[in-house]
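S.K.: Attaching a single structure in structure tokens format; questions to follow.
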Amino acid sequence: MTDTEIQISAKDLPKKFHVKYLGTHPVKGLYGMKNTRKPVDSLVTQAKSIGEKGQILPLLDLEVNVEGIKFVDITNKKHKSDPVQFGVDVISYGVQDLIYTRVFTIIVLTSTCETINPKAEIPFVCHTFLCNSRQEARELTFSLAAAFQDYGARVKRDNLPAKKFAIDLRTPEEQADDEDIETDA
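So the number in our numbering is just where the residue sits in the sequence shown, counting from 1, plus 18.
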């Protein structure tokens, strides 16, 4: 399946992925690669140093469904960790990274996620995941796009207040061609 052949709709959800967690980092804006570039670079650098020390990145089972994204750390089979969940209404952006094409990042509004970051001075953080392949990162991106579409349809149908969100469905090559242009796709 090529990038242009990926078609995922809400009826295809939930979609499950087995990924590594690179971590979380504050970001300065709701959406756009200009807000994820430095945090992703920093998290990838940290991940490389972890590997050099012989440590491993947390392994996650991640699920995208019409309600949002849910993930649970499965690194330690003996210790069951609580799932982390972000509703689609607090995820403002999702993108497959331009440089690290196996990396997928979301920006989350933290003011409604105070249990995650209670002392947040910046109300946005990114959560960054390392997929097993570039194709898996694309599928994860398109799965979140399907959740956004479903959410948008529900907001419109139920006459709810709309919230801004964006998903960048361009391939890394297309992103490189348009590096200085941000989209609200």
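Glycine residues also receive a C-beta, built at the ideal position from the N, C-alpha and C atoms.
Computed from a predicted model, the values in this text were never measured in an experiment.
1) Is DSSP giving residue 31 helix, strand or coil here?
2) Who does residue 164 pair with in a DSSP beta bridge?
3) Could you pull the start and end residues of the alpha helix (DSSP H) that residue 61 belongs to?
4) From residue 218 to residue 73, what distance separates their C-alpha atoms?
5) At a cut of 8 angstroms, does the region 181-192 reach the region 153-172 through at least three beta carbon pairs?
6) According to DSSP, is residue 44 part of a helix, a strand, or is it coil?
7) According to DSSP, simplified to helix, strand and coil, what is residue 106?
8) Looking only at DSSP bridge pairs, what is residue 36 linked to?
9) Grab me the residues of residue 81's own chain with a C-beta within less than 8 angstroms of its C-beta, minus the 5 sequence neighbours each way, in chain order.
M.R.: With the structure as the only source:
1) Working through the sequence shown from its first residue, we reach residue 31 at position 13. In the structure shown, residue 31 sits in coil (DSSP, three-state: anything other than H, G, I, E or B).
2) For the purposes of this step, residue 164 is identified with residue 146 of the sequence shown, where counting begins at 1. Within the DSSP bridge table, the entry for residue 164 names no partner.
3) Counted from its first residue, the sequence shown places residue 61 at position 43. 51-70 is the span of the alpha helix (DSSP H), which, as asked, contains residue 61.
4) With the chain covering only 19 through 203, there is no way to say anything about residue 218.
5) A contact exists between the region 181-192 and the region 153-172.
6) For this step, residue 44 is matched to residue 26 along the sequence shown. Reduced to three states, the DSSP call for residue 44 is strand.
7) The count along the sequence shown starts at 1 and reaches residue 106 at position 88. Here residue 106 sits in coil by DSSP.
8) As a working mapping, residue 36 is identified with position 18 in the sequence shown. DSSP lists 79 as partners of residue 36.
9) In the sequence shown, counting from the first residue as 1, residue 81 sits at position 63. Here the set comprises 32, 33, 34, 35, 87, 88 and 89.
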